[in-house]
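So the structure is just underneath, and the comments pick up after that.
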Amino acid sequence: MPVLGLPLSDEQLWDVLNGVLPAWLLLAVAPRWRYTIPIVTLTAAFYSLLYVGAMAGTIAGGDSAVDFADMFTFEGVARLLSERSAVLPAWVHYVAFDLWVARWEVVDARERGVPQLLMLAPLFLTMMAGPSGLLLYLALIRPCVQEGCADGSAGLGFQQCQLLASNDTLWPTGLHGADIGTTAVFALSAHPETFPGFATLPAQGLDGADFECAGTMQPGACVFQSAFDAVAICAWLSECRAVTVFANGTDGHSEPAAVLKSSPLAPSNSFLAPSVYSVQRTEPFPLVALHLHPGEAEVVVPSDAEMLAETAEAAGGGGAAANSTAWLGCIVANNSLMAGAVVDVVDGVEAAEECCMLCRQTDGGACNAWHWCPQAGGCSYTEDRVEVTLQQYQCELRFQSLVAPKLGWPPALLGKGPHIPFVSGSPLMTVAPPLPGYKRLLGSGLFGQRGYTCPESLKPQIQECVRSSSLEGHAQYCNADPRCVAFAYKPAGVYDSVQGTAIYKSSVNSTAILLTPSTVLYIRGEETASSLSAGAVAGISIGAAALVAAAAALLQQDLLQESALSAQLDVGAQLAALPSNLPPELTSWVIKPEDITLLTWPNGSLKELGSGAGGRVLKAIYRGEVVAAKEIDLGRNLDAQQAFIKEALSLQQLRHPHVVSFSGVSLDGPRGIILQEFCEGRDLHSALQLQSSGGSGRAFGWYRRGRRVALDVARALNYLHSMGVVHMDVKSSNVLLTASGAAKLGDVGLSKRQNRTYLSDVAAIGTFDWAAPEILMNGMQCTAAVDLFSFGVLLYEIITGEPPVRGRLRIPSVPEECPEAARDLMLQCLSVSPAARPSAQEAMQRLAAMQQPSLRASLSGPADRN
C-alpha cells in the first residue's frame, strides 16, 4: 500500500506501528524536560549505528551497500525505507530512524535558538504517524525551518504570513505545485444566507446552467441584484434548481448579483471563490416549511386605546413603524416551537404575552420569534439532532433573518402538534387601520398562491402585481381593478422595493394564508366587524375539499357584487325556482329533494357516514338504491348554485369499476347535495390502522392487500385523466374498500376538469400532506401530475402504514415493507418536478407487473406478510 509515494506493504505498515511504541516510551520515561534531549541523543546514537550499519550492508547477511550521503536527503531516505535490510527486526530500523532524525532536528534547532518545545511538538506528532509522518515533516516543515518556503517569488521565512489585497478578480489566482511550499488561505467575504427548502453552500459557485427569465438584469441569464428576490423567484420557477450569489458581481468588482441556475451543483460544474455562495433546493424539496396557519394560533392585539396610540402615525395611510419596539400585538400558538438563532433566555416570565413583549423590546429588532415553557416540570423537545429544553416560566428569544420586516417571510417552526409542550410566537411588527369595504387580518399574509401581473409592477419577474402607494391608494387601485379581490400590505416594503408596498391577488385560498408579523391582509367584500379587537383572528381549517372551496370562492365574489342585487330580492323564492331557470339539458339531472330519503336510526337521528369541513355525508335511498348523500353549503348565491350544478353534472358521465359512481345533484334551500355510490366497506385510511389478530403485525400492508389497492387506484386515475379530469384530492380517506376487497376512488364529484370551467377557475386546494408542490406554490397551473404526487403519498401510506407528515417521509425498507420496484415508483411519484413523475398509465402498468407474489411473500409466513 503506497504511503506518500512509498511502496510499503501491509507488513511494513504493521512494522511502523510497532516502531512507534518504543520511541514514545523513551520520551515518556524522561522524569524532567531537561533530561529528554540527552536520553534521545544517547538512544539515537546507539540505534543510528544499527540503522546505518544495516543499510550500508556492514552486518552479515545485509543488503548491498548504500551511499551514506543518501541518509541526508529526502529522496534518499524514501528509497532507503523502501529498500531496507531484513537482517534486523523491522522496528529497529524505524525507531532508529525516528530517533536519529529527532536528535538531528532538536540539536539543530537549539543551535539556532529555536525554542525546544516549538520544535518538538510537531516532531512528536510526526513520530506518532511513523516514517510516513516523519517524511511529511521533512518535506513540509524542515524546509521552512532552515531556509523558509518558496512561494514562486521572493519566498517566506519560517512562520511568516504575507497579507495580500484583492486583485478584483472573481476566482483567486496564484501559483500552485510541488515546488510551492506555502499555504494560501482566503477569508470568505460573502456572508451566506439560509432559506427554508434550500441548502446553503458557502464559497461555492456554479458555472453554466443559465436560463433567461422575465425581469432579468442580464440577457441570456436569470439575474437579480437581491439574493432574497432571486431565491423567492427560484421557488416559483420549476426550472430553477439553485441560486449562485456573487457578493462582488460576476466579474469580482461590481454590484452584487444573484443568478438562478437550472442545475444543482456538482464537481464538474462548480468552483470555489471567497466572494460567492450558492443555495440549492434540497431533495426531497420541503415545499412549505412549518409555518402557522390562522386556525393554529391567536393574533393578540392591545386594547383600542393602546392600538390607537401606536397607530397614530399609521392613520395617515401607512403602517406602524416595523423597526420600532412599540407593542403592536403578538402571534401566539400553543404546542409549537420556533426556529432561529438563540438571542437570550429569560427566567421568571409568567405569561406567554410577556415573553412576546420582551422579544419586541430588544434593540434593533434582534428578536422576532420566541417560545415559552408553561409546564411545572419543564419543557423539552428533541428531534433530528435538534434539542430544546426550558424550565418552567423560561422564555427563549430567537431571531430569524427572513422574518425581518424588509423580507417579510412568515416565521418558521421546528415543529408543531400536541407532542410539543411549548408556547411560541412572534411579535407583530406592523399594524394598519381598517379600510371601508375590506376585511382586515392583522399579522397575516398570502404565500404560495399566484396573483396577476400589472404593467407598473415593481416585481415583474415573479409575475405578481406589486405596487407602492399609500394604504388608501392601494384600496382605490384594488377597487378599480376587477381582478383584485385582496392585497397583502407590507409597510416596510418587499425585499429591495420602496416602503408602503402591496401585493395584489385575484383569489384568496384559505390554505395560503400564513401568520406573518410584518403583513396586514385586506380582503374585499367584507368589512372588519370592529375597528380594533383583542383576541384571535379566526382561521379556516386546512384540507377543505375543492368544491367546497369553489362554493366559498363564489360566495366571496357574491359579497363583492351585492350592490348589483336588489335589496328586496326574495332569496328563498329564487332558490326554489332555480331548476326551472337552468338550461333544459341540465334540468332533467337535478333531483328533487323529496325523491331522496335520508335513513335514520331507531331514535330518529340521521345515519351519518362521515363529516368534514364541507359538511356531512348521510346514508340515503334514491330510487330504491342505497346511496351516499354529501351535503355542501352553497349559501345564497344564485350564480354559485348554477355553476355548481353545471360542473357537477358534467362529471355524471364518469363510469369506471374503480371510481365511486356519481348519481346526481340536488338543491335543498342553500344546501347542495351530491349523490354517490354507497360502498359497504371501510375507507383505506382506517383499514391501514388495523392490526392482525393476535397482534402479529399490520392487517393491511403491501404484501397482503396493499399492492392490489394501489393498482385499483392507479386504474381509476388513468381513467379520470383519459377523460380530462384531475381528482385534486387523492388520499387514503378518499379510497373506499368494497365488501369484495376492491378499491374505489371517491370524491370524484369534487374534481377539476383541465379545461376552463367553473371548478378549474377557483383556487386549487387539496389536503396539505398529500398536495403536490404546484398546488401549494402556484395552484392555478396544475396538471394531471398533481394526482401522481398525491398517489406517491398514498403509496407511502400503504407501504409503511404511517400517516404522512409533509417533509418527514422516510424511505421504505426493502424488501421488508415492499419490493424495490414499489419504492422506486413511490419516489418517482414524489418528484418535485411534475415532468419527472410518471403518468397514471405508466404507474398502472408498473403496478400490474408487481402483482405476482414475490419470493419474500411466498417464503414468509402469513404473520410476516405486510
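Using the UniProt record's numbering, the first residue of the sequence shown is number 1, and each one after it goes up by one. Ideal placement from N, C-alpha and C gives every residue a C-beta, glycine not left out. On a predicted model such as this, the values are computed, not experimentally measured, just so you know.
> If you draw a straight line from the alpha carbon of residue 721 to that of residue 727, how long is it in whole angstroms?
Replying inline: 9 Å
>> Using only CA atoms, which one of 815, 794, 782 lies nearest to residue 809?
In response: 794
> What first and last residue would you give for the alpha helix (DSSP H) that runs through residue 353?
Replying inline: 352-360
>> Applying the 10 Å Cβ sphere with the 16-neighbour rule, what's the burial state of residue 684?
In response: buried
>> Just to check my reading of the structure: residue 299 and residue 348 have Cβ atoms closer than 8 Å, yes? What is that Cβ distance to the nearest angstrom?
In response: Incorrect: roughly 26 Å between the Cβ atoms, too far for contact.
> Between residue 369 and residue 228, what straight-line distance do the alpha-carbon atoms span, to the nearest angstrom?
Replying inline: 20 Å
>> Check whether the stretch 702-712 and the stretch 812-823 are in contact - that is, three or more C-beta pairs closer than 8 Å.
In response: yes
>> Just verifying my parser: in three-state terms, what is the DSSP assignment at residue 548?
In response: Reliability of the predicted coordinates at residue 548 is poor, the pLDDT of 32 falling under 50, and no value is obtained from them.
> Quick check: the stretch 372-388 against the stretch 471-481, are there 3 or more CB pairs under 8 Å?
Replying inline: no
>> Just to confirm my understanding: we take residue 801, look at its own chain, exclude 5 residues before and 5 after, and list those with CB closer than 7 Å. What are they?
In response: 688, 698, 701
>> Within 10 Å of its beta-carbon, does residue 729 have 16 or more other beta-carbons around it, so buried, or fewer, so exposed?
In response: buried
> What does DSSP give as the partner residues of residue 334 in its beta bridges?
Replying inline: 423
> Unbroken beta strand (DSSP E) runs of length 3 or more, entirely within the stretch 204-274: which are they?
Replying inline: 242-246, 257-261
>> Quick check: what's the CA-CA separation for residue 253 versus residue 396?
In response: 41 Å
>> Using only the alpha-carbon positions, how far apart do residue 718 and residue 839 sit?
In response: 8 Å
> DSSP state of residue 183, grouped into three classes?
Replying inline: coil
> Which partner residues does residue 770 have in the DSSP bridge list?
Replying inline: Answer by DSSP bridge pairing: none, since residue 770 is not bridged.
> What residue from 277, 850, 267, 473 has the CA that sits closest to residue 194's CA?
Replying inline: 277
> When burial is assigned at 16 or more other CB atoms within 10 Å of the CB, is residue 712 buried or exposed?
Replying inline: buried
> Taking buried to mean at least 16 other C-beta atoms within 10 Å of its own C-beta, is residue 244 buried or exposed?
Replying inline: buried
>> Please give the ranges of any alpha helix (DSSP H) in the stretch 454-504, keeping only runs that are unbroken, at least 4 residues long and fully inside the region.
In response: 471-480
> Hey, would you say residue 225 sits closer than 8 Å to residue 257, going by beta carbons?
Replying inline: yes
> At a cut of 8 Å, does the stretch 359-369 reach the stretch 442-461 through at least three beta carbon pairs?
Replying inline: no
> Any idea if residue 813 is buried or exposed, counting beta-carbon neighbours within 10 angstroms, 16 or more meaning buried?
Replying inline: exposed
>> Quick test of your reading: residue 423 and residue 352, contact by CB under 8 Å. State the CB separation rounded to the nearest angstrom.
In response: 5 Å
> Going by the beta-carbon positions, is the gap between residue 522 and residue 438 smaller than 8 Å?
Replying inline: yes
> By the 10 Å Cβ neighbour count, where 16 or more other Cβ atoms means buried, how is residue 686 classified, buried or exposed?
Replying inline: exposed
> Do you know whose CA, among 335, 410, 629, lies nearest residue 372's CA?
Replying inline: 335
>> Is the beta carbon of residue 682 closer than 8 Å to that of residue 631?
In response: no
> In chain order, what residues of the same chain lie with their CB nearer than 7 Å to the CB of residue 782, ignoring the 5 residues before and after it?
Replying inline: 726, 764, 774, 775
> Cα separation between residue 247 and residue 186?
Replying inline: 15 Å
> What's the C-alpha gap between residue 627 and residue 678?
Replying inline: 5 Å
> Among the residues of its own chain, which have a CB less than 6 Å from the CB of residue 770, if the five just before and after it don't count?
Replying inline: 731, 790, 793
> Can you pull the DSSP bridge partners for residue 383?
Replying inline: 386
> By a C-beta neighbour count over all protein chains shown, 10 Å radius and 16 as the cutoff for buried, is residue 275 buried or exposed?
Replying inline: buried
> Tell me the DSSP bridge mates of residue 371?
Replying inline: 396, 424
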